[in-house]
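Have a look at the structure below, then the notes.
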Amino acid sequence: MTISYNWLSEYLPEKIEPERLSKILTSIGLEVESLEQYESIKGALNGLIIGEVMECVPHPNADKLKLTKVNTGAKELLQIVCGAPNVATGQKVITATAGTTIYPLHGGPLTMKVAKIRGMESQGMICAEDEIGIGENHDGIIVLSDDAKVGSPAAAYYNVYADWVYEIGLTPNHMDAMSHLGVAKDVCAYLTQHENKILKAKSPFTNSFKTGASKATVKVSVENTDACQRYSGLCIKGVTIKESPQWLQHKLKAIGQKPINNIVDITNFILHETGQPLHAFDADEIKGNRIIVRNLPEGTAFTTLDGKERKLNSEDLMICDAESGICIAGVFGGLNSGVKDTTQDIFLESAWFHPVSVRKTETRHGLKTEAASHFEKGVDISNTVNVLKHAAVMIKEIAGGETEGDVVDIYPQPKEKTEVAIKYHYLKKLSGKNYHPDAVKKILTSLGFEIIKEGLDELRVAVPYNKPDIFLPADLVEEVIRIDGIDNIDIPTSITISPSSDETLPKEKLKEKISNYLVGAGFNEILTNSITSSKYYSETELKSTVRMINNLSAGLDVLRPSMLETAFESIAYNINRKNNNLQFFEFGKTYACIKTGQYKEQEHFCIYLTGHDNEDGWRQKSSSQDYFKTKGLARAVLSFCGFSEINTGAPSISEKGVQYEINCLRRQVGVMGNVSAERLQKFDIRQPVYFIDLYFEDLLQLALSHKIIYSEVPKFPAVQRDLAFTVNKNVAYNDIETAMKEINLPMLQGMRLFDVFESSKIGEGKKSMAVNFTFMDEEKTLTDKEIDNMMQKITLNFEKKLDAEIRK
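For the sequence shown, the numbering used here begins at 165 and goes up steadily by one.
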């Protein structure tokens, strides 16, 4: 939320410097994220002076330049070389003297210096519009009116507006501070507590509103009194639509609002002043002179102010005339009912719409508006008429016109104030500070709470209407703490805690272990959004996908059923920026709907590879990521976690790509493979992507059940033997591993495939494979006879199981 310092100061009883005010706001829970200076003209025309050209003659050394003498109110005239064709004696002009910094409309700031131009000294510059940022004109210098005072600042002549703007990180519960007046009330409560004097915010409301002589022509009725519990309205006839006065435009521009016309600007001003949204209708467009607040049938077409036709839901509350809907209540106006340049009569609305109803409607139609953001958090239901009268007075002053009759106010069931009781020992328990009862009462009353009952250890208060978020004792504790100041809570000399066991510690340790290993291997961790777009998935997949009820945007409407799609977004983002060689890993969750009301959440650990594994170098060329590197990485990660028995199943081929099961200790712990080009094309990825998707919970359970046994470094050397053999082309390395498991060779320490060769010389449909075997006996040195016996067992088994032909 954006707050103007000048605007806020109008409601404060005393002047507070911007920096101090920033600290106060942060201390009361309205965290100031930034404080920046605002100027209606960049640089605020600082240093620029109104001068008068006393003499203007041709430059002795240039045909198109003039040599002028300018009076700026100083003792001596300034000699300035000017190239403008319209410069002449007697003109009042804007002068930039030496040392003044100007801010051109295009380009960076320039600081004036005394310079020689074609041999003649120039002590400044006579300015054009674009040279000082006040317009686009560069045809000549600015010529001011004759009444401009020589020597006076240009900023005063142009009425430059300067301000300080606070960007406040407002938490959702603080709707009471979603306006300048609301913030001022909190600041005054803080000052009352800390300066030991009662200070109240200055009210903008006056008693100058007068009832119109004629009767109101627009009649109002409310059919849905649950969604609209109070509706106030007023007719104003004979207004003149034009630009707003400068002071109003300056205030709106300072907080990032674009001025439109005087009526719309006043409603925006009131919204940011009081927090109460208003809506102005062109009264001539209200058919039958009727305003009806009701719901329309499901599927009713309604064209909103942005020109889009929307199909209404039966729960959408509408403002209607005698024929059709003219506004989505509290959210967005209709195309034809708004204020136009030709509007003469308006109907002004000030209402209270139910937060839930507004929130559902704006989310359903994807309409995020200032009014809706206020209504969905709750507005002050007691203030609709006061604000309406305040707006009417402003409209009469700025746009003219006369009110018709009195304010229409439909409030069938006046809302009673919420009552909350708080015990002082509970306040101490939550805050950690022993507050005196008088201090508590002082804080709460300064915030607008009404004390109903007092006891020895209890205080019961009525909550003001502008704080609808307060209904629990803990809410009152928060109000007391923030106004008193969190920094004022005593820090105890000792803290007593009960030791607890962290059940998530093993999981986090395993995550950290894997992360450190991969980061050391050149990988980067990513964290993607678990909410993604349904367009990535087929209709079959979406049947079991968890859909968002109140999605923030059309592109974020489901919880991801797999990890890949959100990772592809990150991969595509990097590839589009020429980061083609990527090695990512991620911990995250997927979600599925088993049946209505029953959901499944699964934790994953994923690795993604694409591009090359290294850059070209003078010693070696880069190589592309492929399935074998992916499989090797999966084995390396699982081995690092303590698993030695790792194998992959047969490939599963689908339109999504090729996928293999990963099994440890006869249990599937994940999948790996490569993604199809069709699937990658959805993300505009044109290079292969390989992935490993491990089920982290299963991995964790196996890791916790797996014991790591330490053994001493062997005293006796290991012996290696190579075996080359010819097998059918369809024999995979997994088949070799399976065959080896059937041989009882306790001295076999490891095996490694180091060569695969295919050629017509070894036969059609055949290939040669070479495997290295490592043998070791921890008790003694192996003899050649023992090694030969083991190699013979391996050879016979390969010939039998794999139909292998041993190459000699």
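Ideal placement from N, C-alpha and C gives every residue a C-beta, glycine not left out.
Cβ neighbour criterion (16 or more within 10 Å) applied to residue i
i, result
"Gln577", "exposed"
"Asn680", "exposed"
"Leu611", "buried"
"Ala814", "exposed"
"Pro224", "exposed"
"Asp648", "buried"
"Ile616", "exposed"
"Ile1055", "With the chain represented from 165 up to 972, any question about residue 1055 goes unanswered, as that position is not in the structure."
"Pro628", "buried"
"Tyr737", "exposed"
"Gln440", "buried"
"Leu355", "buried"
"Val641", "buried"
"Tyr763", "exposed"
"His589", "exposed"
"His270", "exposed"
"Asn953", "exposed"
Cut-off 6 Å between Cβ atoms - residues of its own chain near residue i, not counting five sequence neighbours on either side
i, result
"Gln832", "Glu825"
"Glu942", "Pro878"
"Pro519", "Glu540, Gly542"
"Ala353", "Ser610, Leu611, Ile647"
"Arg394", "Trp516, Ile545, Thr548, Tyr575"
"Val221", "Leu231"
"Tyr755", "Val710, Leu723, Glu765"
"Gly420", "Thr166"
"Leu274", "Ile266"
"Leu308", "Lys256"
Distance between beta carbons of residue j and residue i, contact taken as under 8 Å
i, j, result
"Glu219", "Thr253", "6 Å"
"Asp651", "Ser191", "7 Å"
"Asn547", "Thr438", "7 Å"
"Gly215", "Val314", "6 Å"
"Ile659", "Lys597", "Actually they do not touch by this definition, with Cβ atoms about 15 Å apart."
"Lys957", "Ile907", "5 Å"
"Ser734", "Phe748", "7 Å"
"Ala318", "Leu212", "4 Å"
"Tyr859", "Gly834", "5 Å"
"Ala626", "Glu583", "6 Å"
Residue i CB to nearest heavy atom of the ligand SAM below 8 Å
i, result
"Arg711", "In the structure shown, the ligand SAM is absent, as is every other ligand, since no ligand is present at all."
Nearest neighbour of residue i, chosen from the options [CA to CA]
i, options, result
"Arg528", "Thr356, Asp721, Val641, Ala585", "Asp721"
"Asn740", "Ile849, Ala685, Ala800", "Ile849"
"Ile973", "Ser808, Phe860, Ala320", "What is shown of the chain runs 165 to 972, which leaves residue 973 out entirely."
"Ala248", "Leu229, Leu241, Leu242", "Leu229"
"Leu435", "Glu513, Gly752, Asn477, Asp505", "Glu513"
"Ser244", "Asp227, Gly211, Ile290, Pro222", "A small correction: the amino acid at residue 244 is Ile; Ser does not occupy that position in the sequence shown. For the residues Asp227, Gly211, Ile290, Pro222, the minimum Cα distance to Ile244 belongs to Ile290."
"Val935", "Glu300, Leu917, Asn961", "Leu917"
"Asn892", "Ala968, Glu676, Gln851", "Ala968"
"Leu682", "Lys764, Arg799, Leu706", "Arg799"
"Asp573", "Ser537, Cys392, Leu594", "Cys392"
"Ile296", "Met165, Asp470, Gly272", "Gly272"
"Asp227", "Cys246, Leu669, Ile562, Glu733", "Cys246"
"Lys579", "Asn630, Ala535, Lys605", "Asn630"
"Ala292", "Val503, Leu209, Ile450", "Leu209"
"Thr507", "Thr335, Phe466, Ser478, Ile450", "Ile450"
"Thr431", "Gly498, Glu387, Leu552", "Leu552"
Minimum Cβ-Cβ distance from residue i to chain C less than 9 Å
i, result
"Gly497", "Any reference to chain C falls outside this structure, which holds one protein chain only."
Cutoff 8 Å; reference residue i; Cβ partners in own chain excluding five residues on either side
i, result
"Gly806", "Ala867, His870, Ile872"
"Thr389", "Pro576, Gln577"
"His776", "Asn744, Asn745, Ser786, Ser787, Ser788, Gln789"
Close-in-space but distant-in-sequence residues of the same chain around residue i (CB under 7 Å, 5 per side omitted)
i, result
"Val217", "Thr232, Val234, Val251, Ala252, Thr253, Gly254, Gln255, Val257"
"Val822", "Pro815, Gly837, Asn838"
"Ser186", "Val196, Leu199, Tyr330"
"Tyr897", "Leu917"
"Arg282", "His223, Asn225, Ala226, Leu229"
"Ala348", "Leu172, Tyr175, Leu176, Ala365"
"Val522", "Gly494, Val495, Ala536, Phe539, Glu540"
For the segment 255–267 and the segment 227–242, state whether three or more C-beta atom pairs, one from each stretch, are separated by less than 8 Å.
Yes, the segment 255–267 is in contact with the segment 227–242.
Is the segment 192–201 touching the segment 319–333 in the sense that three or more CB pairs, one from each, lie closer than 8 Å?
By the Cβ test, the segment 319–333 is in contact with the segment 192–201, since at least three Cβ pairs between them sit closer than 8 Å.
Are there three or more Cβ pairs, one per stretch, closer than 8 Å when the segment 459–473 is compared with the segment 404–415?
The segment 459–473 makes no contact with the segment 404–415: fewer than 3 CB pairs, one atom from each, lie closer than 8 Å.
Sufficient close CB pairs (3 or more, under 8 Å) joining the segment 877–892 to the segment 694–710
The segment 877–892, when compared against the segment 694–710, does not touch it at the 8 Å Cβ threshold.
Assess contact between the segment 533–551 and the segment 356–366, defined as three or more Cβ pairs (one per stretch) separated by less than 8 Å. Is contact present?
No, the segment 533–551 is not in contact with the segment 356–366.
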